[in-house]
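Position one of the sequence shown corresponds to residue 0 (numbering that gives the first Met the number 0), numbered consecutively onward. Each residue gets a CB set at the ideal place from its N, CA and C atoms; glycine is no exception.
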Amino acid sequence: MRRIGIIGAGAVAGFHAQAAAAVDGLVLAAVCDLRAPAAEAVAGRHGAAVFTDYRELLDSGEVDAVVVNTPHALHREMVLEAAARGLHVLVEKPMATTLDACDEMASACRAAGVTLAVGQIQHFLPEKVAVARALAAGTLGPVQLIHDYRSTDYRPGSRSAWFLDPVMAGGGALMNIGAHLLDRSIWLGGAPVVSVRASTLHRFGSPVETDGSIALKLANGVAVAISVVSDTPHYVDELMVVCEHGTLTADPARGTFLRRDGVTTRLHENGDDDEVLQEAFLNQMQDFARTLDGGQGSVPTTHARHVVEVILAAYESAAAGATVELSGSGGPGA
């Protein structure tokens with residue numbers, strides 16, 4: 000039985016906790032947060048131990064692996080300390096806020112002989128999995144174009160203060176929400192990014208960007224357009240994949256649809272939002288558990304690193320008003 004600890008009792012900690020408790024061969028053993036009541040709220044229903052200092056959790060001998068669910072800039076130090084103690088790690092996205100940090104984390108875990116997985120949850124959401132399956136079937140032909148749009152809210156006071164701290168968060172709407180869109184667009188587009196052109200907005204007096212648009216070219220020629228917009232009249236989260244012989248859309252509220260030859264077919268219908276998210280976190284935790292037994296995870300750390308690389312290139316592009324070229328390798332040294 001592998002014992003899982005969670006560091007950070009923020010918004011998705013409950014999903015991680017329930018997933019760890021539900022996977023055969025795993026048990027939720029501990030939850031840590033600077034705020035004891037927050038940790039207790041997540042740990043309570045599972046009978047897990049509570050800590051308020053993550054180093055005490057790592058030193059406790061009560062866990063074999065940890066989920067790092069903390070502000071982005073803290074990922075590096077927590078992963079390095081976990082690896083130094085021989086603990087496996089599932090770290091939330093974005094992997095880190097710099098490429099050097101991503102590389103240090105991956106290197107430390109390799110040297111320690113422990114697993115490092117990154118929580119790119121898009122790979123486990125059922126409506127996105129339905130898109131991947133439709134593309135893998137091959138009948139739609141190659142992907143030609145991707146449009147990905149999501150609304151959010153980056154008004155000061157709308158979320159925890161650290162999200163609007165440029166150092167702690169590593170950026171704003173693009174580093175946080177844009178990471179999801181880049182993850183799924185690069186994954187489903189089938190190749191790493193070779194060029195980035197971006198623009199950002201700082202509205203509402205926010206110290207980080209509240210909105211952004213990114214135009215990408217993938218190594219296989221696929222064009223990707225990504226938009227993140229704050230405080231919209233209606234919530235939007237839609238991925239559209241245009242193929243040679245048809246078009247796919249995925250929306251967590253409506254499901255997955257295929258349009259071909261004038262006919263629309265529903266490929267997947269989602270249920271209750273929380274139930275869908277919990278299913279995704281369960282599938283992600285099962286994937287993590289397989290890596291602990293020597294299996295291959297669904298999301299390579301090189302992909303997670305590439306997502307960070309593209310976000311940083313988007314910031315560079317927006318600041319310079321110019322296109323930024325990347326190597327297209329999608330891995331260290333890219």
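Nearest neighbour of N175 by Cα position, chosen from E39, G327, G24 and W161, turns out to be W161. If only uninterrupted beta strand (DSSP E) runs of at least 3 residues are considered, those enclosed by the stretch 0-28 are 1-6. Boundaries of the beta strand (DSSP E) harbouring R258: G254 to R259, taken from the DSSP string. Under DSSP, Y148 forms a beta bridge with S226 and E237. Counting along the chain, the unbroken alpha helix (DSSP H) around R183 starts and ends at A172 to G188. Cβ atoms of A8 and V41 come within 8 angstroms of each other, at about 5 angstroms. The beta carbon of S226 lies closer than 7 angstroms to those of Y148 and S212 in the same chain, with the five residues before and after it left out.
Counting C-beta pairs with one atom in each stretch, the stretch 254-261 and the stretch 121-133 have three or more that are closer than 8 angstroms, which means they touch. Here Y153 is buried: its Cβ has 16 or more other Cβ atoms, across all protein chains shown, within 10 Å. Counting C-beta atoms within 10 angstroms of its own C-beta, S326 has fewer than 16 neighbours from the protein chains shown and is therefore classed as exposed.
Judged by their CB atoms, V223 and D210 are not nearer to each other than the 9 angstroms cut-off. Contact holds between the stretch 10-19 and the stretch 278-286, because three or more Cβ pairs, one in each stretch, are under 8 angstroms apart. K216: member of the beta strand (DSSP E) spanning D210 to L217, first to last residue. Exposure of R109 is indicated by the presence of fewer than 16 other C-beta atoms within 10 angstroms of its C-beta.
H74 places its beta carbon less than 9 angstroms from that of M104.
By the Cβ neighbour-count rule, T69 is buried, with 16 or more other Cβ atoms within 10 Å of its own. Non-local C-beta neighbours of S194 in its own chain, meaning closer than 6 angstroms and more than five positions away in sequence, comprise K216, T322 and E324, ordered along the chain. If you ignore the 5 residues before and after S198, its C-beta comes within less than 6 angstroms of the C-beta of S212 and A317, all in its own chain and listed in chain order.
Per DSSP, the continuous beta strand (DSSP E) segment holding S198 begins and ends at V192 to L200.
When secondary structure is reduced to three states using DSSP, H87 falls in the strand class. Using a 10 angstroms sphere on the CB of V262, the tally of other CB atoms stays under 16, which defines it as exposed.
Taking K92 as the centre and dropping the five residues before and after it, the same chain places the C-beta of V117, G118, Q119, I120, A178, H179, D182, A303 and V306 closer than 8 angstroms to its C-beta, in chain order. DSSP places F50 within a strand segment (E or B) once states are collapsed to three. By alpha-carbon distance to G13, the top candidate from F287, L27 and A135 is L27. For A107 against L79, the beta-carbon gap comes to about 5 angstroms, under 8 angstroms, which counts as contact.
Annotation for L266: no alpha helix (DSSP H) segment contains it, though the beta strand (DSSP E) segment containing it runs V262 to H267.
A distance below 9 angstroms separates the beta carbons of S150 and H233. Annotation: V221 is outside any alpha helix (DSSP H) and is labelled neither H nor E by DSSP. The residues R84, in chain order, have a CB closer than 8 angstroms to that of D58 in the same chain once the five nearest residues on each side in sequence are set aside. A Cβ-Cβ distance of about 5 angstroms is found for the pair V22 and M284, placing them in contact under the 8 angstroms criterion.
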